[in-house]
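Protein chains in written order, with UniProt numbering: chain H, 1 to 389; chain U, 1 to 325.
Glycine included, each C-beta is placed from N, C-alpha and C at the ideal position.
As the structure is a computational prediction, the values presented were derived from the model and not from experiment.
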């Protein structure tokens, strides 16, 4: 952990830091609800957590040393309530219980803080349940909402208008590389490479810099545009994408599902013997069934997230091709995938810009389709067929 | 129906879960026993409630040695001890008592699963009552039904009857019996059509098959029937998507032996063979567009379109038209 203030966690977000730290020191700059927006990976939930730490800091505005700061950052502070949706949406029931928690006075800290990451995943009913609480919360309660900025409209307007907006920007590669070196101990060369190919996504940069499997998967995805020449290749590519997503979900469920189930059964007293254990066993079984449902939702979410990551990489490739095709010779161009510049130039020579644009649109249409619940295999195969040629 | 040879045997195993056939086997056993002794009593007990004690009680000889038929229902749920007791009873049955064990073929415990094999070994008479899954089996069933009722039916009429009544054996049996009574013995297609109209059983696969074959009219009429009998939109859309991707997959893989291609493509050989036939008349561009259509349709039936039925019709027509052109 760093020895500086909590704000050093936020990479390349100086304007936002200024606003937030002012709010922690001057009471007139503070307000009861904040909405953090920014492109994926810019650190919305990190910003929210950091802000929470600074608010709970017992030394002033985020020293990073006191128990208020450390527990809030670690997610164990008693007055910080994070809501992290593992499924595809946040339900009304979840929000209603949260509203009750938010109505209490802080127990140890200065504020009662509720953090909702992915506020775009609030269902309509859930955001309605929040409205009243968010408009006039108790004096010492703060709501921190996070939503991706490429569609802030996903947060209903009634919620949006009740919050103060903090816009995060895409952090510059140099800032990302610096933080990878300083915080994660990655060596400079790897850090610079990862920062240049991550598209401004700090978490992704770290993953690419530290996890060889992630690097391999990215390379595999970026081989797709050059490898799909015939229709049969399209099916192989689709297979690669789908299988990677399924493997990711599988891996996660293997790591967590069984131990979670076992823990729940133990907590509910399912394996007791003797008189009177039948009722405990019954209720444990019911609880396990519910847990299984949640685990299934989580698997779907993981599968889609992995797939989406791959699609974004793929879209980045076609975007690069378009940029190169439209670029004016000598000027230095910022590419999404500078390490694949050779293939990109090659593709830009072979395809008309229209063809590249059509492919880019196919990838984006596939992302949309998956958001519409289209079976991933059907959506991806249709996209891959459009990439052929 | 003619009397099954098994009906009078002292221990009978009725294996399978086709309710109609199971009931028939039981009543055949009862009838046979009653012919021998009209005062025969019928006792039915769910096997899950059976204990060694009750079994002994049920099969022990009575004072006046009246005949008795004991039916153990759902023997797949039998307890270990009871299963063992049944196994011990079979080789040496009590005279005048007919034990009918009704078993679905499944079962949770080891003893319950092995019960049918044990009974077979011990010499029990076995009546197979598995569900009829193949169309040919169903047609044979209809023919046998008609013959049993004392009539005759021609091939066209069998197809028409199965098509319009569906797969439920009770309904088929009832319809066959009624038709024999109404038509005075000989049933032809016209007779079937007089009493039965419509299609009882259209799945999304029928629609998809017609659509990729380029037969737009037939595909649309199959689609109307499917929607009419309440097949979910999503199922039809999935069937269409599957048909298109299978054709695209097989067509793009080129010609070859279906058996070797099957393992490469991860599909059963019959599917490859069928798709090779369907692939004729499809171009690469056509297939790409068709893949796009089915992906779009998948979103549409899941809420993207205002009217899922219209979306299905439109997609079906477009896919069929792509093949025709």
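Name the DSSP bridge partner or partners of residue i?
i: residue 73/U; result: 46/U
i: residue 41/U; result: 68/U
i: residue 13/U; result: 101/U and 126/U
i: residue 152/U; result: 186/U
Between which residues of its own chain and residue i is the CB-CB distance below 8 Å, once the five residues before and five after are set aside?
i: residue 327/H; result: 333
i: residue 162/H; result: 33, 131, 134 and 135
i: residue 374/H; result: none
i: residue 238/H; result: 377, 380, 381, 383 and 384
i: residue 2/H; result: In this prediction, residue 2/H has a pLDDT of 41, which is less than 50 and means its spatial position is unreliable; nothing more can be read from the coordinates.
i: residue 302/U; result: 234
i: residue 353/H; result: 322, 325 and 326
i: residue 67/H; result: 58
i: residue 234/H; result: 228, 381, 384, 385, 387 and 388
i: residue 160/U; result: 189, 192, 193 and 196
i: residue 262/U; result: 268, 269, 271 and 272
i: residue 94/H; result: 83 and 126
Taking Cβ-Cβ distances shorter than 8 Å, what residues in chain H pair up with residue i?
i: residue 294/U; result: 378 and 382
i: residue 252/U; result: 230, 231, 232, 234 and 235
i: residue 241/U; result: 375 and 378
i: residue 314/U; result: Chain H residues near residue 314/U: none, gap ~17 Å exceeds 8 Å.
In chain H, which residues lie with their C-beta within 9 Å of the C-beta of residue i?
i: residue 288/U; result: 231, 234, 382, 385, 386 and 388
i: residue 280/U; result: Within chain H, no residue comes near residue 280/U; the closest Cβ sits about 16 Å away, beyond 9 Å.
i: residue 35/U; result: In chain order: nothing, as chain H lies at least about 49 Å away.
i: residue 318/U; result: Correct list: empty, because the minimum Cβ distance to chain H is about 14 Å.
i: residue 170/U; result: Residues of chain H passing the Cβ test: none, with the nearest at roughly 34 Å.
Residues in the same chain with beta-carbon distance under 6 Å from residue i, minus the five sequence neighbours each way, listed in chain order, please.
i: residue 1/U; result: Confidence at residue 1/U is low in this model, with a pLDDT of 41, below 50, so the placement of that residue should be treated as unreliable; the coordinate-derived value is given next. Closer than 6 Å at the Cβ level, and outside the excluded window around residue 1/U, lie 148.
i: residue 116/H; result: 83 and 145
i: residue 3/U; result: Confidence in residue 3/U is poor, its pLDDT being 46 and thus under 50, which makes the residue's placement unreliable; the coordinate value appears in the next sentence. For residue 3/U, where only same-chain residues beyond five positions count, there are no Cβ hits under 6 Å.
i: residue 156/H; result: 127
i: residue 391/H; result: This structure cannot speak to residue 391/H, because chain H is shown only from 1 to 389.
i: residue 38/H; result: 44, 149 and 168
i: residue 257/H; result: 295
i: residue 38/U; result: none
i: residue 237/U; result: 297, 298 and 301
Taking the alpha carbon of residue i as the reference point, which residue from the options has its own alpha carbon closest?
i: residue 87/H; options: 119/H, 73/H, 100/H and 309/H; result: 119/H
i: residue 55/H; options: 363/H, 229/H and 110/H; result: 110/H
i: residue 244/H; options: 259/H, 232/H, 302/H and 347/H; result: 302/H
i: residue 335/H; options: 126/H, 195/H and 67/H; result: 195/H
i: residue 390/H; options: 51/H, 92/H and 93/H; result: No information on residue 390/H is available, as it lies outside the stretch 1 to 389 that chain H covers here.
i: residue 12/U; options: 20/U, 19/U, 30/U and 18/U; result: 30/U
i: residue 48/U; options: 14/U, 83/U and 161/U; result: 83/U
i: residue 308/H; options: 19/H, 93/H and 217/H; result: 217/H
i: residue 202/U; options: 221/U, 195/U and 191/U; result: 221/U
i: residue 43/U; options: 24/U, 69/U and 20/U; result: 69/U
i: residue 43/H; options: 205/H, 77/H and 164/H; result: 205/H
i: residue 172/U; options: 140/U, 154/U and 186/U; result: 140/U
i: residue 181/U; options: 150/U, 157/U and 158/U; result: 150/U
i: residue 288/H; options: 271/H, 300/H and 275/H; result: 271/H
i: residue 115/U; options: 80/U, 142/U and 211/U; result: 80/U
Please compile the residues from chain U whose C-beta is within a distance smaller than 7 Å of the C-beta of residue i.
i: residue 372/H; result: 299, 302 and 304
i: residue 369/H; result: 295 and 299
i: residue 289/H; result: Chain U residues near residue 289/H: none, gap ~19 Å exceeds 7 Å.
In chain order, what residues of the same chain lie with their CB nearer than 7 Å to the CB of residue i, ignoring the 5 residues before and after it?
i: residue 61/H; result: 21, 24, 25 and 54
i: residue 71/H; result: 77
i: residue 281/U; result: 214 and 323
Could you list which residues in chain H have their beta carbon closer than 7 Å to that of residue i, in chain order?
i: residue 291/U; result: 381, 382 and 385
i: residue 353/U; result: The requested residue 353/U does not occur in the structure, where chain U is confined to residues 1 to 325.
i: residue 249/U; result: 235
i: residue 108/U; result: Result: empty, since nearest Cβ-Cβ is about 16 Å, beyond 7 Å.
i: residue 323/U; result: The contacting residues do not exist; residue 323/U stays about 16 Å from chain H at best.
Kindly list, in the order they appear in chain B, the residues whose Cβ is closer than 7 Å to that of residue i.
i: residue 199/U; result: Looking for chain B here will not work: the only protein chains present are H and U.
With hydrogens ignored, establish whether the beta-carbon of residue i is closer than 7 Å to any heavy atom of the ligand MN.
i: residue 298/U; result: The ligand MN is not among the ligands present in this structure, which contains no ligands whatsoever.
| task | Starting from the N-terminal side, write out each stretch of the alpha helix (DSSP H) that is 4 residues or longer and does not extend beyond the UniProt domain "AAA+ ATPase" (30 to 171) of chain H. | result | Residue ranges of uninterrupted alpha helix (DSSP H) with 4 or more members, entirely inside the UniProt domain "AAA+ ATPase" (30 to 171) of chain H and ordered along the chain, are 44 to 56, 67 to 74, 92 to 102, 124 to 135 and 157 to 160.
| said: As an exercise, report each continuous alpha helix (DSSP H) stretch of at least 4 residues that is fully enclosed by the stretch 92 to 144 of chain U, in chain order. | reply: Qualifying alpha helix (DSSP H) stretches, in chain order: 110 to 121.
| query | If you scan the stretch 254 to 313 of chain H from start to end, which runs of the alpha helix (DSSP H) of 4 or more residues do you find wholly inside it? | reply | none
| query | Considering only residues of the stretch 162 to 244 of chain H, which uninterrupted beta strand (DSSP E) runs meet the minimum length of 3 residues and lie entirely inside it, listed in chain order? | reply | 164 to 167
| said: Give the list of continuous alpha helix (DSSP H) stretches no shorter than 4 residues that lie fully inside the stretch 201 to 281 of chain U. | reply: 204 to 212, 216 to 228, 233 to 252, 258 to 265 and 269 to 279
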